[in-house]
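Peer 1: If you read the protein sequences in the order shown, they are chains A and B.
Per the numbering used here, residue -6 is the first one in the first sequence, and the count goes up by one each step.
Per the numbering used here, residue 156 is the first one in the second sequence, and the count goes up by one each step.
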Amino acid sequence: MSLEELIDSCKQGDRKAQEQLYREYSPRLFGTCLKYSRNKTEAEDNLHDSFMTIFDKIAQYTAKGSFEGWAKRIAVNTVMQKYRKEEHLKLVTDNFEDEVEIEVDSGYTDIGLDTLLGYIQELPNKYRLTFNLYVLDGHSHAEIGALLGTSPGTSKSNLARARLILKEKIEAKRNIAIIGLLLLLLMESCL
Amino acid sequence: MDKKNLDELFRAKFKTFQEVPDEKVWTAIENSLDKKRKKRIIPLWWQLGGVAAVLSVALFTFYTLKDPGDETPVITNTEKTNSNDTKQDGLDADSKKDKKNALQIPEVTEDAVVNRSGDTDVKNTDKDSDPKTDKDSFQNKLANTDVAATDATSPKDKSTKDSATRSPEKPQLAKNELDSNRENADRVAVQGNPKIISEKSDKTISQNDLIEKDDTETDDNKKSIFEVLEAQADEEKIAEEPSSRWSAGPNVAPVYFNAMGDGSPIDPSFSPNAKSGSTNLSYGVSIAYAVTKKLSVRSGIHKAEYGYNTNNVGFSPTLAASTSGRLQNIDFAGGPRNLAEISPNLNLDSSNDLAPEFSSLNSARDGTIAQSFGYLEVPLELDYALINRRFGVNLVGGISSLFLIDNSVTLNSGELTTEIGEARNLNDLNFSTNIGFGVNYKFTSKVQLNIEPVFKYQLNTFSNVSGDFRPFSIGVYSGLNFKF
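Structural data, given as structure tokens:
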């Protein structure tokens, strides 16, 4: 069954087609949800909600853009709607120098994907959303501002903070690694 | 290049990031889709049920009110509204109770967070330690001890702030209350509560800038809201949740009354005359009960004035009218019968520049018979929301019972107005079928502005009409609506 046929069947509410569509796209969308959510449970919830919206609105999908892009937008919107309400209460007023190039040693590229995902998920809502939208999904600050209902300036400062936190976490991990290594050496030398 | 940009690191890692979700997610989606399918059927039944209810109430009122005199209908109406009021009170009390419960919840969650933070931390480390290296878990433990430390300090702060001593059982009790509240919410399908809970609890959390605490807190919430959310996954998220089911408010409308067909309600001889409708004011209060999120039943009481003119009427002063009761449907109230002879004057050419009084034959003067009738209108309407957001669109359909309270016929000529009497053929009680659509704007979740153009087709305004005469009215009802 081609994608068009699959989408057509989904428009009719065909359960088999819906399941096939889910099997096809859920891993990619779950990836998106994991990045944008705070933890796995919330990511699963958001994936559920995203697919409910997708099946609900699939009649509105016109074959103009890619289906994956459309579905991903729905997923991102679903997550954002969820966290946006919380963010109204925490406004960032102070600005941060934004264009600080944050660099880490190449030695850290061996950090596991799960660890990095954990670091992203641990970020506060607005930092996490901004970091995802800007760095991983290539949106501009103006777009992010519009999406999150903030100014581009706020988006920039949020991004800078997100980077800083991530950098600290990665460096903390390195320090622990060094301490561990030293301890190991110490133990070996004692023996 | 031995240094790498942070962004690049993440970008490279997450470029093709995907993960197969747990099978339970699809099971949940399937369940939600099933529920939704069932849900779609329900509104139809509600609609049919609503129509049946409207018809039965209408028939009941019609037959019970047909025999007694004029006054009865009005009395029954006030009773009706009274009973509505009492219902409101009951519901009001319920909603108050709900609110009370909801208000207690932030306390609960706070407590829960404080009390359970140790547990969740342990859980976190367990979970995390699997996929990660030992170093990771060490790191996590460090982070968690931080959390634990800050958490440990927070209850102290709280206890010093709150002079009222809080027994350790209290959270437990409150939690039970929360559970029962949740059950209620499920049963009644009031969707406002869980949202309120989450908002409130988030607010309390935001006061503390503890991210980790935030996490554990929402985890707790998650479990509690999950089922409810699942059931409502298809609902519009932006839509204002109906915090209460009852709403009421005043409204006012310019109403244009006219008729289809060219008969005359006054006399067969006036059938060919030009006629025109007139615009009057209708005002009143309406009350609505939301059966579901989209469908509500509403009623109320309105004062409605209708006017209808028969133009180009010739009349001439006379000492004794040749035929008494010349106009078959008018009950003459004394004088004018003896003073004026009224007849359809078709010879008048309205385009004539000369004053028609002088140019016409028989010294008949040109006038207009203006009929006005006032009603107390009690509508029973179904309101179905097509769009239910801040800006909403809805369809309105139903019937109105109209109780005649005002009835007069006047003869107007230039600036002269003479009361002739009243129409004999107006029914004391008549019905209209109403159809319209409305747009509304919600200022807050409690207050909204409505504008509704409604077409009302009168079913039995006149008991004895000459020729084809089907009256209708069009009104643009605007008003405020308050939820309570």
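All C-beta atoms in this analysis are idealised placements derived from N, C-alpha and C, irrespective of residue type, glycine included.
The alpha helix (DSSP H) spanning Gly569(B) covers which residue range?
Peer 2: Careful: Gly569(B) lies outside any alpha helix (DSSP H) and carries neither H nor E.
Peer 1: What residues in its chain sit with their C-beta under 8 angstroms from that of Tyr15(A), if we drop five residues either side in the sequence?
Peer 2: Result list for Tyr15(A): Phe44, in chain order.
Peer 1: Could you give the DSSP three-state label for Met415(B): helix, strand or coil?
Peer 2: In the structure shown, Met415(B) sits in a strand (DSSP, three-state: E or B).
Peer 1: Examine chain A for any beta-carbon lying closer than 9 angstroms to the beta-carbon of Gln173(B), and answer yes or no.
Peer 2: Yes, because at least one Cβ of chain A sits closer than 9 angstroms to the Cβ of Gln173(B).
Peer 1: What did DSSP end up calling Pro511(B) once you bin it into helix, strand or coil?
Peer 2: Per-residue confidence for Pro511(B) stands at a pLDDT of 46, beneath the threshold of 50, marking its modelled position as unreliable; no derived number is given.
Peer 1: Give the residues of chain A in contact with Val551(B), contact being defined as C-beta atoms less than 9 angstroms apart.
Peer 2: Simply none; closest approach about 26 angstroms.
Peer 1: Please identify, using Cβ separations under 9 angstroms, the residues of the region 6 to 29 of chain A that lie next to chain B, in order along the chain.
Peer 2: Listed in sequence order: Gly6, Arg8, Gln11, Glu12, Tyr15, Arg16, Ser19, Pro20, Arg21, Leu22, Phe23, Gly24, Thr25, Cys26, Leu27, Lys28.
Peer 1: Who are Ala540(B)'s beta bridge partners in DSSP?
Peer 2: Answer is Asn549(B), bridged to Ala540(B).
Peer 1: Please classify Val175(B): is it buried, with 16 or more other beta-carbons within 10 angstroms of its beta-carbon, or exposed?
Peer 2: With fewer than 16 other Cβ atoms within 10 Å, it is exposed.
Peer 1: Flag this pair as yes or no: are the beta carbons of Leu141(A) and Arg77(A) separated by less than 9 angstroms?
Peer 2: In this structure, Arg77(A) lies closer than 9 angstroms to Leu141(A) by Cβ.
Peer 1: Looking at the strands, I want to know which residues DSSP matches up with Phe44(A).
Peer 2: DSSP lists no partner for Phe44(A).
Peer 1: Hey, could you find the ends of the alpha helix (DSSP H) Gly173(A) is sitting in?
Peer 2: Note, Gly173(A): alpha helix (DSSP H), 145 to 183.
Peer 1: Should Glu574(B) and Thr565(B) be called a contact, given that it needs their Cβ atoms to be closer than 9 angstroms?
Peer 2: For Glu574(B) and Thr565(B), yes; Cβs fall inside 9 angstroms.
Peer 1: Interface residues of chain A around Val548(B) at Cβ under 7 angstroms?
Peer 2: Near Val548(B) there are no residues of chain A at all, since even the closest Cβ is about 18 angstroms away, more than 7 angstroms.
Peer 1: Can you find a C-beta in chain A that's less than 9 angstroms from the C-beta of Phe637(B)?
Peer 2: Closer than 9 angstroms: no.
Peer 1: So, at 6 angstroms on beta carbons, what are the nonlocal neighbours of Ser148(A) in its own chain, with the 5 sequence-adjacent residues on each side left out?
Peer 2: Hits under 6 angstroms: Thr123, His134, Ile137, Gly138.
Peer 1: Pop quiz: Ser633(B) and Asn406(B) are said to be a contact at Cβ under 8 angstroms. What is the actual Cβ separation, rounded to whole angstroms?
Peer 2: The pair is a contact, with the Cβ atoms about 6 angstroms apart (cut-off 8 angstroms).
Peer 1: Determine the extent of the alpha helix (DSSP H) in which Asn118(A) is found, giving its start and end residues.
Peer 2: First-last of the alpha helix (DSSP H) with Asn118(A): 118 to 124.
Peer 1: Using 9 angstroms as the threshold, is the C-beta distance between Ser424(B) and Pro534(B) below it?
Peer 2: No, the Cβ-Cβ distance between Ser424(B) and Pro534(B) is not below 9 angstroms.
Peer 1: Rounded to a whole number of angstroms, what is the C-alpha to C-alpha distance between Arg167(A) and Lys597(B)?
Peer 2: When rounded, the distance between both Cα atoms is 54 angstroms.
Peer 1: In whole angstroms, what separates the C-alpha of Glu536(B) from that of Val620(B)?
Peer 2: Taking the straight line from one Cα to the other gives about 28 angstroms.
Peer 1: For Ala540(B), would you say it is in contact with chain A, using Cβ-to-Cβ distances shorter than 9 angstroms as the test?
Peer 2: No, Ala540(B) lies away from the interface with chain A (no Cβ there is under 9 angstroms from its Cβ).
Peer 1: Residues of chain A with a CB under 8 angstroms from the CB of Ser600(B): which are they?
Peer 2: Going along chain A, no residue has its Cβ under 8 angstroms from Ser600(B), so there is no contact; the nearest lies around 14 angstroms.
Peer 1: Per DSSP, what are the beta-bridge partners of Phe592(B) in this structure?
Peer 2: Answer by DSSP bridge pairing, in chain order: Leu550(B).
Peer 1: Using beta carbons (cut-off 9 angstroms, strictly below), is Thr147(A) in contact with chain B?
Peer 2: It does not: the Cβ of Thr147(A) has no partner Cβ on chain B nearer than 9 angstroms.
Peer 1: Measuring straight from C-alpha to C-alpha, what distance separates Ile542(B) and Arg520(B)?
Peer 2: For Ile542(B) and Arg520(B), the distance between alpha carbons rounds to 55 angstroms.
Peer 1: Since Asn615(B) contacts Pro420(B) with CB under 8 angstroms, what's their CB separation in whole angstroms?
Peer 2: Wrong, their Cβ atoms sit about 12 angstroms apart, outside the cutoff.
Peer 1: Just reading off the alpha helix (DSSP H) that Phe610(B) is part of, what are its end residues?
Peer 2: Careful: Phe610(B) lies outside any alpha helix (DSSP H), inside the beta strand (DSSP E) at 602 to 613.
Peer 1: For Val446(B), does the three-state DSSP call read helix, strand or coil?
Peer 2: Looking at Val446(B) - three-state DSSP - the assignment turns out to be coil, as it is neither helix nor strand.
Peer 1: Can you give the Cα-Cα distance for Leu571(B) and Ala578(B), rounded to whole angstroms?
Peer 2: Going from the Cα of Leu571(B) to the Cα of Ala578(B) covers about 20 angstroms.
Peer 1: Exposed or buried, Glu163(B), counting other C-beta atoms within 10 Å across all chains shown (16 or more means buried)?
Peer 2: Flag for Glu163(B) reads exposed.
Peer 1: Pop quiz: Lys28(A) and Ile113(A) are said to be a contact at Cβ under 8 angstroms. What is the actual Cβ separation, rounded to whole angstroms?
Peer 2: So it is a contact: roughly 6 angstroms between Cβ atoms.
Peer 1: Go through its chain and collect everything with a Cβ distance to Asn562(B)'s Cβ below 7 angstroms, but skip five positions before and after it.
Peer 2: Result list for Asn562(B): Phe528, Glu577, Ala578, Leu581, in chain order.
Peer 1: If the cut-off is 9 angstroms on Cβ atoms, which residues from the region 35 to 46 of chain A count as contacting chain B, listed in chain order?
Peer 2: Listed in sequence order: Glu35, Ala36, Glu37, Asp38, Leu40, His41, Asp42, Phe44, Met45, Thr46.
Peer 1: Which one of Phe470(B), Ala540(B), Ile554(B), Asp538(B) has the shortest CA to CA distance from Ile524(B)?
Peer 2: Nearest of Phe470(B), Ala540(B), Ile554(B), Asp538(B) to Ile524(B), Cα basis: Phe470(B).
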